[in-house]
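Using UniProt numbering, you'd call the opening residue of the sequence shown number 1 and step up by one each time. See below for the structure under consideration.
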Amino acid sequence: MSSPPRGAVAAQLEPVVAEAVSAAGFDLEELDVQQAGRRRLVKVVVDADDGVGLDEISAVSREVSKVLDAHEHVLAGSYTLEVTSPGVDRPLTKPRHWRRARYRLVKVRSTEGADLVVRVGEADDEGVVVLVGGEIRRLAYREIERAVVEVEFQQPPAEDLVRLERAADGAPGSGDGREDTEESR
């Protein structure tokens with residue numbers, strides 16, 4: 001008896017694995033099922049707003065394992081489960097990725113082909129506020145072709161963080177188009 005194609009197995013398992021991961025308080029970032037000799041390798045990538053620790057990976061592994069055991073007919077045999085968190089080089093493709101990258105340095109390629117290195121500020125469902133070249137800008141996700149977090153070996157400059165905070169608060173002079181002047185009374 002032949003087994004279903006790799007993508008079909010992942011598609012069948014994704015809803016139940018996503019439910020188990022969500023019940024544990026995490027987001028399912030990726031589910032991949034590959035043939036590895038006589039067994040299948042089931043790779044589950046999870047993430048959360050505050051990151052994922054080793055103890056949490058173990059807890060998610062136990063929950064996903066229960067679900068996979070209950071759906072062993074889909075896997076059609078034995079499997080090896082690998083639960084992990086996304087690497088730092090994972091592209092930022094969803095609004096939640098941008099929210100989790102707040103204050104991080106990110107290399108962005110725009111849809112127009114321009115490469116930018118930006119510091120991430122407030123993000124919502126439509127776009128993200130960034131600091132680029134000392135200027136606060138807003139980028140719509142539709143303007144971004146690719147974005148990846150850059151590894152930094154030192155703390156971000158405090159003045160960058162202050163500017164991004166002021167932009168989030170809508171403070172005058174934060175790059176929101178308003179002048180930094182006192183209003184006359």
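The beta carbon of each residue, even a glycine, is placed where N, CA and C say it ideally should be. For clarity, every value in this text was computed on a predicted model and none was experimentally measured.
- A residue is called buried once 16 or more other Cβ atoms fall within 10 Å of its Cβ, and residue 97 is buried on that count.
- Secondary structure of residue 79 (DSSP, three-state): strand.
- Cβ contact annotation for residue 21 (same chain, cutoff 8 Å, sequence separation greater than five): 27, 28, 44, 46, 60, 63, 64, in chain order.
- For residue 35, the three-state secondary structure derived from DSSP is strand.
- Annotation: residue 125 to residue 139 spans about 12 Å, alpha carbon to alpha carbon.
- Counted as a single uninterrupted DSSP element, the alpha helix (DSSP H) harbouring residue 56 occupies residues 54-70.
- Judged by DSSP secondary structure, residue 108 falls within the beta strand (DSSP E) whose first and last residues are 105-110.
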